[in-house]
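Student:
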Amino acid sequence: MKEQIEEIINDRPFQGLLKSLSEKLDLHITEVEKKATEALRELYSIQQPVLHTIGIQLAEFVVDRAYEKTIDVNLSEIKALSKTMRRHSVAFVMTHKTYIDMFVLGIALARHGLKIPYIFAGLNMAFAGLGQLGRRSGAIFIRRSFKDDEIYKATLRFFISQLVESKEHFMWALEGTRSRTGKLVWPKMGILKYIHEAESQSKSEVKYIPISIVYDLIPDVEDMTLEGRGKDKKSESLTWFLNYVRKMGDDHGKVSLRIGKPVEYSDIEKSVIPDDELNDTPSISKFAFEIAHRINDITPVTTASLICTGLLSKFAMTKRGTESIVLQLMGIIESQKPDSLVDRGKNLSQS
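Quick look at the structure:
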């Protein structure tokens, strides 16, 4: 990896960029190169086939501990995605509900013979063990905050542009942080902005694909509840990860994944903005909201979510009363958008 990093640092366009930054920041070029090299060492990632295989096996081991082995997908969506991935660089923009979201998407793609994308993750996840494996199987670890670091931003932007030019694929969570309620959190523009800028500077077109992943239950609920009550969040480490995997039970139900149609940048003209005051926001923000709207639009409805909705709408219900409410809700959804139901056509007792 050291040779590849040096090759990027010595790339003529990148050297020109570093020279411009040297003049702008009033720093000597050697200092700028030193900081750019440090940033690139953190960011640089490759995809080694053997480690990819190990990574997918690890992901399956983790996910299978808590969920049914079969991930619920729409085969027609997989078929359409396969065609798109053969022709374009694809940016999978996904929901973030638990630490295993990207494991789930990677597993689903691998099981259908599709290429595993590069993954954007926080630098806090690059702890001993996972960091080394991740950087050799497509994980790009990014600092949590680099707002005022012009050298880091320029290095990240250039590295992404190199990958876009090579028609590589990407996946990351639009919100940046895990949702505590299951709903989409306010979208973050960072990665989306950098990929769009890289696309505009490249001859390669990027297709932005909305991805929605839902779980019957998630193993993070207890920890998130305790954190909401004031408990300190544990720092990620190898020990933390092993404990997280160990605590995952085998009774969390199924995972469902839905794949939307590509969202075009021109779609910002019809983007859904939740506040009138946001109508003058930059186009990249409107684009993010349009993707978020498309994610919501394809999000499937699980039986577990309908049971929770029924229980929350009443003070108390018998089992039969709960079944009645859920069947009524299923009937309403079936009449409006039948493909939304995960357990469509099944009796409640089978779900």
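Position in the sequence shown counted from 1, then plus 175, gives you my numbering. Just so it is clear, CB atoms sit at the ideal spot from N, CA and C, and this is done for glycine as well.
(1) Taking all protein chains shown into account, decide if Pro188 is buried (16 or more other Cβ within 10 angstroms of its Cβ) or exposed.
(2) List the endpoints of the continuous beta strand (DSSP E) containing Ala348.
(3) Given a cut-off of 8 Å on the beta-carbon distance, is the pair Ser312 and His203 in contact?
(4) If I'm right that Ser431 touches Thr478 with Cβ under 8 Å, what's the distance once you round it to whole angstroms?
(5) Going by DSSP, what residues sit across from Pro385 in a beta bridge?
(6) Can you tell me which residues form a DSSP beta bridge with Arg433?
(7) State buried or exposed for Val265, treating a residue as buried only when at least 16 other CB atoms are found within 10 Å of its CB.
(8) Distance check for Thr497 and Ser526, CA to CA, integer angstroms please.
(9) Work out the CA separation of Arg286 and Pro475 for me, nearest whole Å.
(10) Out of Val225, Val248, Arg421, point me to the one whose CA is closest to Ala283's CA.
(11) Just to confirm my understanding: we take Leu196, look at its own chain, exclude 5 residues before and 5 after, and list those with CB closer than 7 Å. What are they?
(12) Below 8 Å between beta carbons: does that hold for Gly304 and Leu413?
(13) Going by the CB atoms, is the gap between Arg355 and Gly403 shorter than 8 Å?
(14) For a quick check, are the C-beta atoms of Leu349 and Ile466 less than 8 Å apart?
(15) Taking one C-beta from the region 238–247 and one from the region 356–370 each time, how about it: are there three or more such pairs within less than 8 Å?
(16) For the beta strand (DSSP E) containing Ile317, list its first residue and its last residue.
(17) Among Asp442, His344, Asp395, Gly191, which one has its Cα closest to the Cα of Val420?
(18) So is Asp531 buried or exposed if we call it buried at 16+ other beta carbons inside 10 Å?
(19) Just the C-alpha distance for Phe278 and Glu198, rounded to the nearest angstrom, thanks.
(20) Quick check on Gln222: does DSSP put it in helix, strand or coil?
(21) So, under 8 Å CB-CB, Ile315 and Ser220 are touching, yes? Tell me the CB distance rounded to an integer number of Å.
(22) For a quick check, are the C-beta atoms of Val268 and Ile386 less than 8 Å apart?
Tutor: The relevant details are as follows:
(1) When all chains shown are included, Pro188 counts as exposed.
(2) Taken as a continuous stretch (DSSP letters only), the beta strand (DSSP E) holding Ala348 covers 345–348.
(3) The Cβ atoms of Ser312 and His203 lie no closer than 8 Å to each other.
(4) About 11 Å; that fails the 8 Å criterion.
(5) Val268
(6) Ser387
(7) In the assembly as shown, Val265 is a buried residue. Its beta-carbon has 16 or more other beta-carbons within 10 Å.
(8) With a pLDDT of only 49 at Ser526, under 50, the local geometry of the prediction cannot be trusted, and the value read off the model is given with reservation. Cα to Cα, the separation comes out at about 14 Å.
(9) 21 Å
(10) When the alpha-carbon of Ala283 is set against those of Val225, Val248, Arg421, the nearest one is in Val248.
(11) Val207, Glu325, Ile326, Ala329
(12) yes
(13) yes
(14) Judged by beta-carbon spacing, Ile466 lies within the 8 Å limit of Leu349, meaning their Cβ atoms are closer than that value.
(15) With a cut-off of 8 Å, the region 356–370 and the region 238–247 do not count as touching, because too few Cβ pairs lie within range.
(16) Note, Ile317: beta strand (DSSP E), 314–317.
(17) Asp395
(18) Past the edges of the chain, shown from 176 to 526, lies residue 531, and the structure says nothing about it.
(19) C-alpha separation (whole angstroms): 43 Å.
(20) strand
(21) 5 Å
(22) yes
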